[in-house]
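Protein chains in written order, with the working numbering: chain U, 95 to 488; chain V, 95 to 488. Quick reminder that beta carbons are idealized off the backbone N, C-alpha and C, glycines included. Everything below concerns the one structure shown next.
Number of protein chains: 2
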Amino acid sequence: MAQTWNQHVVKKENKTLVLETIKEHAPISRADVAQRTGLNKGTVSSLVSELINEQLIDELGPGESSGGRRPVMLLFNQLVGYAIGIDLGVNYLLGILTDLNGNIITEKKINYENISYEEIRERLWDMIDFLKSKAPDCPYGIIGIGIGVPGIVSNEGEILLAPNLNWKRIQLKEEVEKKYNLPVTIENEANAGAYGEKKFGAGKDFQDIVYVSVSYGIGVGLILNGNLYKGSHGFSGEFGHMTIELKGLDCRCGNNGCWELYASEQAILRRAKELKIQPNKGEELTLDTLVQLADQAEDPNAIALFEEIGEYLGLGITNIVNSFNPDQIIIGNRITAAKKWLQPTLIDRIYSYALKFHQTDLQINFSILTTHSTALGVAAFAIENFLEVDLIKK
Amino acid sequence: MAQTWNQHVVKKENKTLVLETIKEHAPISRADVAQRTGLNKGTVSSLVSELINEQLIDELGPGESSGGRRPVMLLFNQLVGYAIGIDLGVNYLLGILTDLNGNIITEKKINYENISYEEIRERLWDMIDFLKSKAPDCPYGIIGIGIGVPGIVSNEGEILLAPNLNWKRIQLKEEVEKKYNLPVTIENEANAGAYGEKKFGAGKDFQDIVYVSVSYGIGVGLILNGNLYKGSHGFSGEFGHMTIELKGLDCRCGNNGCWELYASEQAILRRAKELKIQPNKGEELTLDTLVQLADQAEDPNAIALFEEIGEYLGLGITNIVNSFNPDQIIIGNRITAAKKWLQPTLIDRIYSYALKFHQTDLQINFSILTTHSTALGVAAFAIENFLEVDLIKK
DNA sequence: AAACTTTGTTTATTCACTAGACAAACTATT
DNA sequence: AATAGTTTGTCTAGTGAATAAACAAAGTTT
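Following this line, the structure appears as structure tokens:
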């Protein structure tokens, strides 16, 4: 059955609009909200009083007069509830507890290697229990849990495939919901990262954003017309396996010449070996040790390698820019550690080769949330969901 | 100022919903509309009576009883107005006159070569005048004009760049609006084609569609979540310049290894010359003569060439499938003439190399509107616009 | 001190939708 | 043939959310 429109929908939408306006422009008066939204003053008054009853907003007190009665300033009450966001990586678990504005209250990170689903799940329970215990006393408590995973997640929240974790058809969402009796969102890490940047990071003011998450592989999250685009089954964003060289390197996806073989962390490590770049004595060859080498020792080979990778990143991003005409590209995840050396060649490549019209007003940024985009993104899902549900319920 | 929600919006949306339901399921009774939409019977009655007053729908007469009073069947009145759709190609002008359901009443095609903007404009006036003269007498007359062009069109309808026509910054929309005093839509041909297929063609039942328009170059139109995605400035869809070979052929876009150099009509012609494939005596080397060669003479070289091109087309489409997870791919425009030989290698390539999850429920179709997608798409814009405006006005 | 401004509440009104009654027109059963 | 039940479509009364406008409160400006 199609969506029908009635007064309930109207009210819910207007209430959301009022709340969003207050969140964005706080502190703000009722009169100003009415002006900005175009709603009648009376309507705003009535919706505001409901929101105050629900404790979602507070009256801060009188503000500055602008030549008449002093306004009563309103504030989004970000402390009525807390969200848990978890970035479940290939070899780490990053958990954060945030207020309703995405401010991080507590965070914790643990590392592991090559452990089974069951073992990771144990650590996940510990993480959630820990974060829960850190939540201050408040009216709504923990309002939801979001989890970002490096894999393909169906629209129903099932993890269909996470190759680097060796997971297949994992029903994590149901398990978490059952154990904690809270709303749970599971999402691909790149999609979550894109959403995090849109909500709290570099993408706040943009509508069409391409978030390129570069770590071991490359994942892409798309914000189109201001909303996360997920594709017909929720699998969009596998740009990492875009062919950029016809007879290129073999990829485990079955194809060859895939972009992520040339422009990701795995590409960096492969090339470092080929070029015989050695990290400082006793250290393993990793992205971090290479960054150290470039940063502290100013190793010209390491720097040249990063510049090369920047060029390849730029090449793939150019393809994306031509295809989508986004207004912003955000490069995020672990690769941001090498921003200093990647950025010049990357930007140069895009400006040289992207179609000129597509460069109009194009922003190219690195993530400002760096390694926290995903965790913040899934926390944002939980928050959105809570506010949505809360507004409907009365 | 943000969108506010009030009863006017509710009414407009519900009226649209009722009209869409009638269009889709005609002939249909008021009771059935109420059931399908979830609206109250009374509400439907009142909206239907308005639509009848506006002559947009008609009562057909009594239908079959299902064990009670016989229903009055309603029908969308597709003949109250007519739309003009024009596909302005590099060397041709295809004009159609359609009713409000996209049925073609009259069509006309003229060819030309290497002529100036002013000369094309003259032929355009002749075309529009001709189509106007063919419109039957009806309440609303010609309700709008749509024009599809092979170039980059801004959100405001200005043709910023049409390289194959040698056009730059052409304000065609204003000129047509001024001369005919009708609403005019100008759109990129691939975007229009995608919309045409979504509305009237192979894409009717799908939400996330990638329409690949292959003629001299390659353009792509994206239907995401059921709507045309245009990008931040309206320039999305330049997949033709996606790099698929790192050190590939030089492209006039400044880049090299662009997809359209390997998988379009220009690729076919280039390769035919390289392979010394000769068309029948006295004929020029064109896509059509090559198709004749393959079809009538069953020339193995020509067939092999088409198969090769199918492979390259499949390669680029695989990239797109992995990136977007669409539920349908539609290949359209002139290349459809070679469908017979392209299709097997193209489909094989996609099924072999696209990520397996992305193949779930994936449809790969050739256009059923073939060379008419663009003209029908722009006509559809005109129709949509008319119905929208008409519904608002009261 | 008087006049003007700005803020926020209150009241009366409007408008679209819903529920439910009802009439009309038909089918099924006795 | 009479009666009962069903389906369709209209009509009426009522609800709820928004708006316009009046008004009170609390300022500033002259």
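Under DSSP, U/Trp261 forms a beta bridge with U/Ala256. The beta carbon of V/Ala361 sits closer than 8 Å to the beta carbons of Glu354, Leu355, Ile403 and Tyr406 from its chain, once the five residues preceding and following it are set aside; these are given in chain order. Put simply, the stretch 108-115 of chain V does not touch the stretch 328-339 of chain U. Fewer than three CB pairs are less than 8 Å apart.
Annotated as proximal: V/Gly290 and V/Leu463, with beta-carbon spacing under 8 Å. For U/Pro438, the secondary structure class from DSSP, reduced to helix, strand or coil, is helix. Around the beta-carbon of U/His102, fewer than 16 other beta-carbon atoms lie within 10 Å, marking it exposed.
The alpha-carbon separation between V/Ser139 and U/Gly161 amounts to approximately 52 Å. Within chain U, the residues Asn416, Ser417, Phe418 and Asn419 have their CB atoms less than 9 Å from the CB of V/Gly331, given in chain order. Its Cα nearest to that of U/Tyr211, the residue U/Ile264 stands out among U/Glu252, U/Ile264 and U/Leu173. For V/Asp181, no Cβ of chain U is located within less than 8 Å of the residue's own Cβ. Counting along the chain, no alpha helix (DSSP H) covers V/Glu250, and no H or E run does either. Cβ atoms of U/Asn108 and U/Leu154 stay farther apart than 8 Å, at about 22 Å. Within 10 angstroms of the beta-carbon of V/Leu440 lie 16 or more other beta-carbons, which makes it buried. Under the 8 Å criterion on CB atoms, U/Tyr310 is classed as non-interfacial with respect to chain V. Ranked by Cα distance from V/Asp223, the first of V/Gly245, V/Val247, V/Val270 and V/Asp193 is V/Val270. Around V/Phe451, the beta-carbon contacts reaching into chain U at under 8 Å are Ile246, Leu254, Leu255, His327 and Phe329. Between V/Gly242 and V/Val472 a beta carbon distance of about 5 Å is seen, short of the 8 Å cut, so the two are scored as contacting. As for any alpha helix (DSSP H) of minimum length 4 sitting wholly inside the stretch 113-185 of chain U, the runs are 124-131 and 135-147, ordered along the chain. Relative to U/Glu359, the option among U/Asp382, U/Gly376, U/Glu378 and U/Gly348 whose CA is nearest is U/Asp382. For V/Gly351, the CB contacts under 8 Å within the same chain, skipping 5 residues up- and downstream, are Thr337, Ile338, Glu339, Leu340, Lys341, Gly342, Leu343 and Cys345 in chain order. Put simply, the CB of U/Asn395 is far from chain V, with every gap to its CB atoms at 8 Å or more. DSSP lists V/Ile317 and V/Gln422 as the bridge partner or partners of V/Ile303. For U/Asn282, the uninterrupted beta strand (DSSP E) segment begins and ends at Val278 to Asn282. Closest option to U/Gln422, judged by alpha-carbon separation, among U/Leu225, U/Asn134 and U/Ile414: U/Ile414.
In the three-state scheme derived from DSSP, where H, G and I count as helix and E and B as strand, V/Asn350 is classed as strand. Of the candidates U/Ile151, U/Asp302, U/Ile253 and U/Val278, U/Asp302 places its Cα closest to the Cα of V/Lys324.
In the displayed model, V/Gly290 falls within a helix according to three-state DSSP. Within the stretch 332-363 of chain U, Glu332, Phe333, His335, Met336, Thr337, Ile338, Glu339, Leu340, Cys347, Gly348 and Asn349 place their CB atoms closer than 7 Å to a CB of chain V, listed in sequence order. Of the candidates V/Gly238, V/Ser309 and V/Ala388, V/Gly238 places its Cα closest to the Cα of V/Leu276. In its chain, beyond the 5 residues on either side, Asn185, Tyr186, Leu187, Glu213, Ile214 and Arg217 have a beta carbon closer than 8 Å to the beta carbon of V/Tyr206.
Taking each of U/Trp99, U/Glu478 and U/Glu482 in turn and checking the Cα distance to U/Phe294, the smallest one comes out for U/Glu478. A distance below 7 Å between beta-carbons, with the five flanking residues on each side excluded, links U/Ala125 to the following residues of its chain, in chain order: Lys135 and Pro165. A distance below 6 Å between beta-carbons, with the five flanking residues on each side excluded, links V/Thr131 to the following residues of its chain, in chain order: Leu111 and Thr115.
Contacts between V/Leu318 and chain U, judged by CB atoms closer than 7 Å, involve Leu318 and Tyr323 in chain order. The beta carbon of U/Lys228 lies closer than 6 Å to those of Leu191 and Thr200 in the same chain, with the five residues before and after it left out. With a threshold of 8 Å between beta carbons, V/Asn413 makes contact with chain U.
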